[in-house]
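Before any comments, here is the structure.
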Amino acid sequence: MTAYRLNRLFHPTSGRALDVAVDHGFFGEPSFLAGITDMPATVETLVDAAPDAVQLTMGQAPLLQRIPKRDKPALVMRTDVANVYGNPLDEHLFSHHVPNAIEVAVRLDAVAVCVNLMQLPGRPEIREANIRSIMALREEATRFGMPLMIEPLVMQDNATAGGYMVDGDIDRITTLVRQAVELGADLIKADPSEDITEYERVIEVAGEVPVLVRGGGRVDDRTLLERTHAVLRAGARGIVYGRNIIQHRTPAGITAALMATVHSDASVDEALAIIEEHAR
1 MTAYRLNRLF
11 HPTSGRALDV
21 AVDHGFFGEP
31 SFLAGITDMP
41 ATVETLVDAA
51 PDAVQLTMGQ
61 APLLQRIPKR
71 DKPALVMRTD
81 VANVYGNPLD
91 EHLFSHHVPN
101 AIEVAVRLDA
111 VAVCVNLMQL
121 PGRPEIREAN
131 IRSIMALREE
141 ATRFGMPLMI
151 EPLVMQDNAT
161 AGGYMVDGDI
171 DRITTLVRQA
181 VELGADLIKA
191 DPSEDITEYE
201 RVIEVAGEVP
211 VLVRGGGRVD
221 DRTLLERTHA
231 VLRAGARGIV
241 YGRNIIQHRT
251 PAGITAALMA
261 TVHSDASVDE
271 ALAIIEEHAR
């Protein structure tokens, strides 16, 4: 059943996927809400833009699934909530998964669920909590045939880098990706490396587990498209971008450009032209 669900995530011709993450509200950080305060409108915009999948929480997923369209994006459901993105950090940190997340995902007709595996400097208890969540979710996901996407996040110190800033060190990324594979990931949602030419190492350590690359912080269109080309050349099976799409001046345009890049190997200049065409 796991493979059956993944057939609805990956494009039948390219074998790749574009997943748009709009699960940011789960984490309780005001800065994450820019561009997604009106979630019904956000979801409608994304459905019209037609990526392969949209990543949502259990509370917002019905906005997607109640739309009566046979060819709408698939649902990837976020399963865990944490308070690790603030600056400064709260005195008490936590990370919890929804206890019945897999059952909820089945009811919502999700094609996969997503859970974090975070390495936060000086806070090993968060990584322990993530591992406990992954092990609990893995058991239930296996029972119900639900693909488990693990998101390894090598984070920088919030005090110096601010919340949600990841460390692009390739050695740290590959180590955490390997741990995600060992924990039974069906999919990996991995950080981009600082030196993107080294990304083949991430694909290699993931082995047979498909890797989808996170978008990270906001960058200009050319940088985003060049990085997308690089990770696809390295062997990534797709991308999971959030703010670079939902905070874009034309979300439909950047989605169309990325879909052309992911599925048709459009050049950077061709993709930029698609964005401008939508902006007119």
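With our numbering, letter number 91 in the sequence shown gets 91, and the count goes up by one each step, no holes.
A virtual CB, placed ideally from N, CA and C, is assigned to each residue, including glycine.
Using a C-beta cut-off of 8 Å, the segment 1-19 makes no contact with the segment 56-71, since fewer than three inter-stretch Cβ pairs fall below that distance. Note: Ala-3 is not bridge-paired with any residue in the DSSP secondary-structure output.
Shown here for Ala-266: same chain residues with a beta carbon closer than 8 Å to its own, the five before and five after excluded, namely Ala-257, Ala-260 and Ile-274 in chain order. Closest option to Pro-147, judged by alpha-carbon separation, among His-278, Pro-210, Asp-23 and Thr-37: Pro-210. Following the DSSP letters along the chain, one finds Met-149 in no alpha helix (DSSP H) but inside the beta strand (DSSP E) bounded by residues 148-154.
Cβ atoms of Gly-168 and Glu-200 stay farther apart than 8 Å, at about 15 Å.
Assignment of Ala-112 by DSSP, reduced to helix, strand and coil, places it in the strand class.
For the pair Asp-109 and His-97, the CB atoms are not nearer than the 8 Å cut-off. Secondary structure note for Ile-188: its beta strand (DSSP E) is the uninterrupted segment 187-190. Per DSSP, Ser-95 is not a residue of any alpha helix (DSSP H); the beta strand (DSSP E) it occupies stretches across 95-97.
Here the segment 63-70 does not lie against the segment 83-90, with fewer than 3 beta-carbon pairs under 8 Å apart. Rounded to the nearest angstrom, the gap between the Cα atoms of Leu-46 and Ala-252 is 7 Å. Judged by their CB atoms, Val-177 and Val-205 are nearer to each other than the 8 Å cut-off.
In the DSSP annotation of this structure, the continuous segment of the alpha helix (DSSP H) that includes Leu-63 starts and ends at 61-65. Taking a 10 Å sphere around the C-beta of Arg-214, we find 16 or more other C-beta atoms and assign the residue as buried. For Met-155 and Arg-143, the gap between their C-alpha atoms comes out near 32 Å. Bridge pairing for Gln-55: Ala-21 and Val-76 [DSSP]. The C-beta of Met-135 has fewer than 16 other C-beta atoms within 10 Å across all chains shown, which makes the residue exposed. Taking one beta carbon from each stretch, the segment 25-32 and the segment 120-128 have fewer than 3 pairs nearer than 8 Å; the two do not touch. With 16 or more other CB atoms across the displayed protein chains lying within 10 angstroms of its CB, His-24 is buried.
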